[in-house]
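Engineer: Following this message is one structure expressed as structure tokens.
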Amino acid sequence: MKLRSLLTLATLTIASATTYAQETAEAPLQISGSVDTYFKYDFAKAPNIGTSFATDHNSVSLGMIDLALKKTTGKASFVGELSFGPRGQAQTIPDAGVNGDSFHIQNLYVNYAFTDKFSMTAGYMGTFVGYEVISPVGNFNYSSSYLFYNGPFQNAGIKGTYAFSDKVSLMLGLFNEWNTYSASRGVSSVGGQLMISPVKGWTAYINGLHGLDAYGNYSTIVDLTTAYQVTDKVKIGLNAADLNSGDDSFGYTGVALYPQYAFSPAVALGVRAEYMKFKAYDVVPSASVISGTLSANIKAGGLTFIPEVRFDNDKDLSQGFMKSDGLTATKSASQFSLAAIYAF
Amino acid sequence: MAFLYLYIMKFLTLSILLFFTTVGFAQDKPLSNDDRGKLIYYEVVELKDVSQDSLNARAAAFFKKSAKLLKVKSLPVDSMVQASGKMIINKNALVLSRPSGEVLYNFYVETRGGKYRFWLTDFGFIPYQRDRYSNFVPSTTVAIPLERKPGKLNAAEWTGYVKATTREANAFATRFKEAMMNKKIAPPVVKAAPVNPGQKW
Chain A
1 MKLRSLLTLA TLTIASATTY AQETAEAPLQ ISGSVDTYFK YDFAKAPNIG TSFATDHNSV
61 SLGMIDLALK KTTGKASFVG ELSFGPRGQA QTIPDAGVNG DSFHIQNLYV NYAFTDKFSM
121 TAGYMGTFVG YEVISPVGNF NYSSSYLFYN GPFQNAGIKG TYAFSDKVSL MLGLFNEWNT
181 YSASRGVSSV GGQLMISPVK GWTAYINGLH GLDAYGNYST IVDLTTAYQV TDKVKIGLNA
241 ADLNSGDDSF GYTGVALYPQ YAFSPAVALG VRAEYMKFKA YDVVPSASVI SGTLSANIKA
301 GGLTFIPEVR FDNDKDLSQG FMKSDGLTAT KSASQFSLAA IYAF
Chain B
1001 MAFLYLYIMK FLTLSILLFF TTVGFAQDKP LSNDDRGKLI YYEVVELKDV SQDSLNARAA
1061 AFFKKSAKLL KVKSLPVDSM VQASGKMIIN KNALVLSRPS GEVLYNFYVE TRGGKYRFWL
1121 TDFGFIPYQR DRYSNFVPST TVAIPLERKP GKLNAAEWTG YVKATTREAN AFATRFKEAM
1181 MNKKIAPPVV KAAPVNPGQK W
């Protein structure tokens, strides 16, 4: 009897699997995601460098679990991406509730491709501005840049993208203020992105966004994000941005360079060299920071290890770096971190 | 009697499992290595009584139909056509799937009267990574030759890519051979006849 049940079950399983395969041969439901965890040791024995992620000192801490679903039916598609954990909640979703909780949404949008060249997207999307992203699988370095930390994370809105060719496309859209699921002062922002790919391996995005930012100001951010795969081993990335919201409001100018060298498909070494200048406003004087980060990426199947050392120099003492006594201000900060990221 | 019943059921189960295993794994022709050391899918097909002009016309029709997937690189020289294409390699787990990368390749066809040969080679893998919008996109523009040894860290994944490429190359070859045989494409399913309970039965 038991054997008969097993036989029936096996036959049904095979039959249903075959049926499913036939029905979804073109575009099955995609599920993907990542899990990340890290250890960080700050050489001042207390957390000093305040940019996003890898925040905890001398602790094996959590990043996030990230789960993304995507489905395409004909010309229509949707993406829903949820994240749970510090990296995907309070550290990157500023409209979190009073207890640091949030709706966990990284991406939630629908897309319709009217033609091969023109598509429209509406919903809540990762921002089109900047080089680095929230998901750890999208970055070479585990800690984040000042440009990422101070720029937008997500934009809710509606946008249209027209591809003139494989080498040129243009996106224009209307958005809420930065990083919010719903607008507090209406659809306040207009943004655009021009993508150009002058030669094979080189892609540049020129981005602009004008409207209500995360600091309560109506500002304009202009951003250049570009990467060039010079050879199969050498890649160079660059991010430069300027946020301007008038003389009496917060603003910055920064640039970050990302040279990387791949020793093999599994092992690569990269540097992030960044200069960030915070503009003077009200009674706050201008200040600048220099940061250097050396990271390795070691891949084994779906797992990536990122050992990383980082040195920051804050000549104007604007970042609040402290010596190991916890009392004396210092211009420099340094840390080591080891992150493990599994992507599926 | 019960013993006999159990024996028959066991035999049936094993037979069914063996059948599906055979069907699943016996069809793919493995990729070979050519004189340059490159992986290659190579086949010579005889079609007696079919002229070279007819074969050229059928190949041209195949390229036209596959224009989105295959880009003809050079005009026919003598009787050979070269094209480049790409295959998407998917990672499947039960009912779920996601692209893990794409394999670029070159495709060559040469015809003679009554026969033709074709081969796919220069396979290069480009891994995908998830972008900021949760779409899978190429992580680089420089393809890694599929015959390159990946090292211990990614050996298992690389073997999977080679297997998937073999499967896709076989599927491509099947499609191409059917086109060259000038097989008529299966007509669409006939529209179901309307049901009319009022009619005489």
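Sequence order for the protein chains is A and B. Position one of the first sequence corresponds to residue 1 (the numbering used here), numbered consecutively onward. Position one of the second sequence corresponds to residue 1001 (the numbering used here), numbered consecutively onward. No residue lacks a Cβ here, since even glycine has one placed at the ideal position from N, Cα and C.
(1) Taking the C-alpha atoms as reference points, what is the distance between residue 70/A and residue 136/A?
(2) Cα separation between residue 46/A and residue 330/A?
(3) Taking C-alpha atoms, which residue in 1105/B, 1198/B, 1046/B lies nearest to residue 1168/B?
(4) Is it the case that the CB of residue 246/A approaches a heavy atom of the ligand FAD more closely than 7 Å?
(5) I need the DSSP call for residue 1175/B, collapsed to helix, strand or coil.
(6) Could you list which residues in chain A have their beta carbon closer than 8 Å to that of residue 1156/B, in chain order?
(7) Helix, strand or coil for residue 130/A per DSSP?
(8) Return the bridge partner residues of residue 120/A from the DSSP annotation.
(9) Secondary structure at residue 1141/B, three-state DSSP: helix, strand or coil?
(10) Are the segment 1112 to 1123 of chain B and the segment 1029 to 1046 of chain B touching, with three or more C-beta to C-beta distances below 8 Å?
(11) Starting from the beta carbon of residue 107/A, find every residue of chain B whose beta carbon is closer than 9 Å, and list them in chain order.
(12) The segment 265 to 293 of chain A: which residues have C-beta closer than 9 Å to a C-beta of chain B, in chain order?
(13) Determine which residues share a DSSP beta bridge with residue 242/A and list them.
(14) Compile a chain-ordered list of the residues in the segment 56 to 86 of chain A whose CB is closer than 7 Å to at least one CB of chain B.
(15) Assign residue 1145/B to buried or exposed, taking buried as 16 or more other Cβ atoms, counted over all protein chains shown, within 10 Å of its Cβ.
(16) By DSSP, does residue 166/A sit in helix, in strand, or in coil?
(17) Does residue 200/A come within less than 8 Å of chain B when only Cβ atoms are used?
(18) My understanding is that residue 1133/B touches residue 125/A, with C-beta atoms under 8 Å, so please give their C-beta distance in whole angstroms.
(19) Based on the DSSP output, what are the partners of residue 191/A in its beta bridges?
(20) Determine which residues share a DSSP beta bridge with residue 106/A and list them.
(21) Check this for me: beta carbons of residue 194/A and residue 170/A, under 8 Å apart or not?
(22) What is the rounded straight-line gap between the Cα of residue 298/A and the Cα of residue 1100/B?
(23) For a contact meaning CB atoms closer than 7 Å, what does residue 1140/B contact in chain A?
(24) Say whether chain A places a C-beta atom closer than 8 Å to the C-beta of residue 1144/B.
(25) Spell out the partners DSSP gives residue 178/A in its beta bridges.
(26) Please list the residues of the segment 22 to 52 of chain A that have a C-beta atom closer than 7 Å to any C-beta atom in chain B, keeping them in chain order.
(27) Short of 7 Å in beta carbon distance, which residues of its chain neighbour residue 112/A, apart from the five on each side in sequence? Order them along the chain.
(28) From what residue to what residue does the beta strand (DSSP E) around residue 30/A run?
(29) Considering only the alpha carbon of each residue, which of 1127/B, 1135/B, 1180/B lies closest to residue 1157/B?
(30) Using 8 Å as the threshold, is the segment 274 to 290 of chain A in touch with the segment 163 to 180 of chain A, meaning 3 or more CB pairs across them?
(31) Shorter than 8 Å from the beta carbon of residue 1097/B to some beta carbon of chain A?
(32) Where residue 1196/B and residue 30/A are concerned, what is the direct C-alpha to C-alpha distance, given to the nearest angstrom?
(33) Report the residue from 1143/B, 1068/B, 1083/B whose alpha carbon sits nearest the alpha carbon of residue 200/A.
(34) In its own chain, which residues sit with a C-beta less than 7 Å from the C-beta of residue 345/A, not counting the 5 before and 5 after it?
(35) Let me confirm a value: residue 1073/B is counted as buried when at least 16 other C-beta atoms fall within 10 Å, else exposed. Which label applies?
(36) Suppose the cutoff is 6 Å on Cβ atoms and the five residues either side in sequence are ignored; what does the same chain contact list for residue 338/A look like?
Structural biologist: Well, looking at it:
(1) 19 Å
(2) 13 Å
(3) 1105/B
(4) You won't find the ligand FAD in this model; it holds no ligand whatsoever.
(5) helix
(6) 301
(7) coil
(8) 112/A, 160/A
(9) coil
(10) yes
(11) 1132, 1133, 1134
(12) 265, 266, 267
(13) 222/A, 253/A
(14) 68, 70, 79, 81
(15) exposed
(16) coil
(17) yes
(18) 6 Å
(19) 173/A, 209/A
(20) Per DSSP, none; premise fails for residue 106/A.
(21) yes
(22) 18 Å
(23) 229
(24) yes
(25) Paired residues: none, contrary to the question.
(26) 28, 29, 30, 31, 32
(27) 75, 76, 119, 120
(28) 30 to 42
(29) 1127/B
(30) no
(31) yes
(32) 41 Å
(33) 1143/B
(34) What the structure shows of chain A is the stretch from 1 to 344, and residue 345/A is not part of that stretch, so it cannot be assessed.
(35) exposed
(36) 39, 307
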